[in-house]
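One structure is given below, encoded as C-alpha cells.
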Amino acid sequence: MARKAAALHILVKTEQECLALKQKLAQGASFQQLAKKHSLCPSGKRGGDLGEFAQGDMVPAFDKAVFKGPELEVQGPVKTGFGYHLIKVLYKR
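The UniProt record's numbering puts the sequence shown at residues 1 to 93.
Structure follows, in C-alpha cells:
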C-alpha cells in the first residue's frame, strides 16, 4: 500500500520570490496567509492545503521532498515544471 502524506505548499514563478517568502516564514509569517496572497496554485485559496495524497501522485521532485524531507519544516525552493514551491509536510503515514 502506498504511503500517504498531507502538505501545504506555495507555488511561485521565480526562485527569488520563493526565497523571499521563505525569509518571511522564518520571521514568523503565516504559511497559510502567504499561500493565499502569493500562490499560483488553486490550493492557495485554501492556504496552500493539498489535502492527503499518495506517494507517486505528485511530480517526482515534489514527491521526493514530501516523502524524504522532514515534517512541519518549510522546505524549498523545490523546482518543478510548474515553478518553485515551498512545502510544509503536515504528516506522513
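Just so you know, even glycine gets a beta-carbon here, dropped at the ideal spot from N, CA and C.
Here the structure is a predicted model, which is why all the values come from computation and not from measurement.
- Val59 carries a coil assignment under DSSP once its states are collapsed to helix, strand and coil.
- Within the DSSP secondary-structure output, Glu52 pairs in a beta bridge with Ala6.
- At a Cβ-Cβ threshold of 9 Å, Asp63 and Gln55 count as neighbours.
- In the three-state scheme derived from DSSP, where H, G and I count as helix and E and B as strand, Pro70 is classed as coil.
- Sequence-distant Cβ neighbours of Ala7 in its own chain, meaning closer than 7 Å and more than five residues away, are Leu50, Val66, Ile87, Lys88, Val89 and Leu90.
- Per DSSP, the beta-bridge partners of Thr80 are Gly83.
- About 14 Å separates the beta carbon of His9 from that of Ser30, a gap too long to meet the 8 Å contact definition.
- The Cβ-Cβ distance between Tyr84 and Cys18 falls below 9 Å.
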